[in-house]
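Residue numbers (the numbering used here), protein chains in the order written: chain F, 30 to 257; chain W, 30 to 257. Note sheet for the following structure.
Protein chains: 2
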Amino acid sequence: MNNLDESLLTPLALFSKLDRAQIRTILDLATPCRFDLGATVFEEGQEAEFFYLLLDGYVRVVRLTPEGDQVIALHIPSGHLFGIAAALGHTTYPATSVAAAECVCLSWPMKLLQEFLTTYEGLSTGVYGAVGQRVEDMNNRILELATQQVEQRVANALLRLVQQTGHKTDEGIEIGFPITRQDISEMTGSTLHTVSRLLSAWEREGTIKSTRKKIVVTDPHKLVRHST
Amino acid sequence: MNNLDESLLTPLALFSKLDRAQIRTILDLATPCRFDLGATVFEEGQEAEFFYLLLDGYVRVVRLTPEGDQVIALHIPSGHLFGIAAALGHTTYPATSVAAAECVCLSWPMKLLQEFLTTYEGLSTGVYGAVGQRVEDMNNRILELATQQVEQRVANALLRLVQQTGHKTDEGIEIGFPITRQDISEMTGSTLHTVSRLLSAWEREGTIKSTRKKIVVTDPHKLVRHST
DNA sequence: CCCGCAGTTTGTCTTGGCGCAAAGAGGCGT
DNA sequence: ACGCCTCTTTGCGCCAAGACAAACTGCGGG
Numbered sequence: 030m031n032n033l034d035e036s037l038l039t040p041l042a043l044f045s046k047l048d049r050a051q052i053r054t055i056l057d058l059a060t061p062c063r064f065d066l067g068a069t070v071f072e073e074g075q076e077a078e079f080f081y082l083l084l085d086g087y088v089r090v091v092r093l094t095p096e097g098d099q100v101i102a103l104h105i106p107s108g109h110l111f112g113i114a115a116a117l118g119h120t121t122y123p124a125t126s127v128a129a130a131e132c133v134c135l136s137w138p139m140k141l142l143q144e145f146l147t148t149y150e151g152l153s154t155g156v157y158g159a160v161g162q163r164v165e166d167m168n169n170r171i172l173e174l175a176t177q178q179v180e181q182r183v184a185n186a187l188l189r190l191v192q193q194t195g196h197k198t199d200e201g202i203e204i205g206f207p208i209t210r211q212d213i214s215e216m217t218g219s220t221l222h223t224v225s226r227l228l229s230a231w232e233r234e235g236t237i238k239s240t241r242k243k244i245v246v247t248d249p250h251k252l253v254r255h256s257t
Numbered sequence: 030m031n032n033l034d035e036s037l038l039t040p041l042a043l044f045s046k047l048d049r050a051q052i053r054t055i056l057d058l059a060t061p062c063r064f065d066l067g068a069t070v071f072e073e074g075q076e077a078e079f080f081y082l083l084l085d086g087y088v089r090v091v092r093l094t095p096e097g098d099q100v101i102a103l104h105i106p107s108g109h110l111f112g113i114a115a116a117l118g119h120t121t122y123p124a125t126s127v128a129a130a131e132c133v134c135l136s137w138p139m140k141l142l143q144e145f146l147t148t149y150e151g152l153s154t155g156v157y158g159a160v161g162q163r164v165e166d167m168n169n170r171i172l173e174l175a176t177q178q179v180e181q182r183v184a185n186a187l188l189r190l191v192q193q194t195g196h197k198t199d200e201g202i203e204i205g206f207p208i209t210r211q212d213i214s215e216m217t218g219s220t221l222h223t224v225s226r227l228l229s230a231w232e233r234e235g236t237i238k239s240t241r242k243k244i245v246v247t248d249p250h251k252l253v254r255h256s257t
């Protein structure tokens with residue numbers, strides 16, 4: 030038993046169908062951990078020993094091509110599980126996870142995942158629902174990459190980031206973690222040069238404001254127009 | 030009870046962990062159905078009433094952009110389930126399914142899927158394993174679209190088709206169902222013109238042979254070279 | 001048998017966006 | 001305060017591949 034508070038987990042949609050005792054049991058088996066910005070949580074190909082619940086921060090899931098190009102597969106917002114590929118029959122991690130901000134997580138040994146899923150009916154629907162959500166995201170991503178131009182893809186990426194992680198400031202909505210042009214290019218299958226040009230143009234027309242590693246969307250509506 | 034033979038299902042990897050009685054039970058609840066080439070099995074957005082097991086033929090899963098561009102998300106080879114998105118929390122089909130060849134299927138009402146998954150432990154690992162496989166495929170697809178050139182993507186698509194559906198002929202390995210340049214362009218995020226040019230070039234150099242709607246890969250090794 | 005259509009091929013023109021290069025510019029450590 | 005390092009901006013040339021156009025060709029149907 031550890032001294033974690035149930036109030037950490039209770040508000041999460043994932044656990045909404047479980048009662049206090051069940052949450053307590055799951056929580057007691059968890060080990061908390063922290064990751065600094067840029068730290069690697071696990072790497073593609075490693076034996077999948079643990080799965081994680083992100084309590085605070087943002088995690089980036091990336092893949093590398095044999096040629097060394099990096100592609101950002103998705104961003105995990107807080108409150109979500111990651112590293113759960115074992116639930117889909119993998120024994121090794123299929124991608125690398127990097128902390129995109131200071132992160133606080135809980136982790137469990139992977140073999141408990143199978144156990145939790147069969148024991149707690151309500152948890153399994155939540156987990157597989159989350160998987161379904163990510164499958165749909167990936168599907169949309171494929172659609173975008175296959176049919177849209179770079180400008181539209183970048184606009185869409187920003188809108189998605191703003192929606193998932195944005196918080197209001199007096200200037201507009203700011204993306205919740207430090208992000209570079211390079212990062213955005215890796216999310217959209219482009220280059221940092223092209224992304225920089227686009228952001229500059231959008232800044233000139235008053236759609237966004239940006240400093241290094243920080244982007245504030247001042248006029249989401251204009252951005253939407255660039256995305257279609 | 031219907032007059033289907035257990036030998037239909039027994040050899041499938043999906044059912045390898047089930048005993049004869051279990052297979053019999055599942056089979057008795059199935060209704061068989063056929064689809065002609067080009068027929069739509071279900072459409073994106075429809076209420077997901079049934080899920081399917083493809084016994085023979087090939088099914089193509091496609092998505093449409095708001096602008097009307099079509100993208101082929103994946104091909105289902107025989108022996109695999111499709112239309113199972115409800116297992117991932119969806120109540121409507123997230124994509125459209127079209128018969129890419131003459132197809133023979135079994136179908137079950139969707140609510141039985143939940144039941145099967147909880148009742149037959151062995152089935153659920155198989156089903157979720159298949160989902161995991163498709164997630165990985167999609168991930169690789171994203172990687173390709175984001176980093177590779179059209180030539181490499183087309184070569185990869187052909188290699189995948191050959192591997193999944195190919196059968197030997199005296200000239201080489203033939204793709205198992207009729208496929209057009211347009212189809213290939215929709216699989217790779219390109220245009221039929223560019224695909225046509227590539228295939229012509231490859232035919233000239235002796236890598237493939239093709240007639241309308243038919244492609245035979247005579248030299249897979251050369252194709253591999255184009256894919257990297 | 002011939003017509004018509006769906007699918008394919010090829011040519012030419014245009015352009016989005018990548019590669020390369022080099023010069024700013026903000027933040028951080030000492 | 002200084003310099004370094006990382007991130008960003010911008011210019012220029014070029015090429016892959018899309019857009020447009022037009023001709024060609026099997027195949028199926030009447």
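Quick reminder that beta carbons are idealized off the backbone N, C-alpha and C, glycines included.
So residue i contacts chain F; which residues on that side make the cut at Cβ distance below 7 angstroms?
i: Thr209/W; result: Result: empty, since nearest Cβ-Cβ is about 17 angstroms, beyond 7 angstroms.
i: Ala102/W; result: Asn168 and Ile171
i: Arg226/W; result: Going along chain F, no residue has its Cβ under 7 angstroms from Arg226/W, so there is no contact; the nearest lies around 19 angstroms.
i: Thr247/W; result: Neighbours of Thr247/W on chain F: none; closest Cβ ~26 angstroms, over 7 angstroms.
Look up residue i in the DSSP assignment and give the residues it is bridged to.
i: Ala128/F; result: Val88/F
i: Gln266/F; result: Residue 266/F is absent from the structure shown; chain F starts at 30 and stops at 257.
i: Lys238/F; result: Val245/F
i: Lys140/W; result: Note: Lys140/W sits in no beta bridge, so no partner.
i: Pro61/F; result: Leu135/F
i: Phe111/W; result: Tyr81/W
i: His104/W; result: Arg89/W
i: Glu76/W; result: Thr121/W
Compare the C-beta of residue i with all C-beta atoms of chain F and state if any pair is closer than 7 angstroms.
i: Gly161/W; result: yes
i: Tyr81/W; result: no
i: Pro123/W; result: yes
i: Arg89/W; result: no
i: Arg182/W; result: no
i: Asp98/W; result: yes
Closer than 7 angstroms, CB to CB, is residue i near chain W or not?
i: Tyr149/F; result: no
i: Gly158/F; result: yes
i: Asp48/F; result: no
i: Leu174/F; result: yes
i: Val179/F; result: no
i: Thr220/F; result: no
Starting from residue i, trace the beta strand (DSSP E) in both directions and tell me its first and last residue.
i: Lys243/F; result: Lys243 to Val246
i: Phe71/W; result: Thr69 to Phe71
Considering only the alpha carbon of each residue, which of the options lies closest to residue i?
i: Gln75/W; options: Thr120/W, Glu173/W and Ala50/W; result: Thr120/W
i: Pro207/W; options: Glu173/W, Arg233/W and Lys243/W; result: Lys243/W
i: Leu58/W; options: Gln211/W, His255/W, Lys140/W and Pro40/W; result: Lys140/W
i: Leu93/F; options: Gln162/F, Val156/F, Met216/F and Ser45/F; result: Met216/F
i: Glu131/W; options: Ala116/W, Ile105/W, Val156/W and Leu117/W; result: Ile105/W
i: Leu135/F; options: Gln192/F, Val246/F, Tyr87/F and Phe80/F; result: Phe80/F
i: Asp248/W; options: Thr125/W, Thr220/W, Ala159/W and Ala184/W; result: Ala184/W
i: Asp34/F; options: His196/F, Arg53/F and Glu180/F; result: Arg53/F
i: Leu172/W; options: Leu41/F, Ser36/F, Asp98/F and Lys46/F; result: Asp98/F
i: Thr60/W; options: Leu41/W, Lys46/W and Val133/W; result: Val133/W
i: Glu150/W; options: Gly205/W, Arg233/W and Lys46/W; result: Lys46/W
i: Ser239/F; options: Ala102/F, Thr198/F and Ala129/F; result: Thr198/F
i: Ile204/W; options: Gln211/W, Arg210/W and Val191/W; result: Val191/W
i: Ser153/W; options: Leu43/W, Ala50/W and Met167/W; result: Leu43/W
i: Gly67/F; options: Arg210/F, Val88/F, Leu227/F and Gly195/F; result: Val88/F
List the residues of chain W that residue i touches, going by C-beta distances under 9 angstroms, in chain order.
i: Met167/F; result: Val164, Met167, Asn168, Arg170 and Ile171
i: Ala114/F; result: Gly161, Val164 and Glu165
i: Arg189/F; result: Per Cβ cutoff of 9 angstroms: no residues; Arg189/F is ~14 angstroms from chain W at best.
Span of the alpha helix (DSSP H) holding residue i?
i: Ser229/W; result: Leu221 to Arg233
i: Tyr157/F; result: Glu150 to Thr176
i: Thr194/F; result: Val179 to Thr194
i: Thr39/F; result: Run containing Thr39/F: none; DSSP gives neither H nor E here.
i: Leu199/F; result: One detail in the question is off: residue 199/F reads as Asp in this sequence, not Leu. Segment: none, Asp199/F is in no alpha helix (DSSP H) and carries neither H nor E.
i: Ser256/F; result: Unbroken run through Ser256/F: none, as it is neither H nor E.
i: Ser214/W; result: Arg210 to Thr217
Show which residues of chain W have a CB atom less than 7 angstroms away from the CB atom of residue i.
i: Leu117/F; result: Tyr157, Gly158, Val160, Gly161 and Val164
i: Thr94/F; result: Leu172 and Thr176
Run through chain F and tell me which residues come within less than 8 angstroms of residue i, C-beta to C-beta.
i: Thr154/W; result: Gly118
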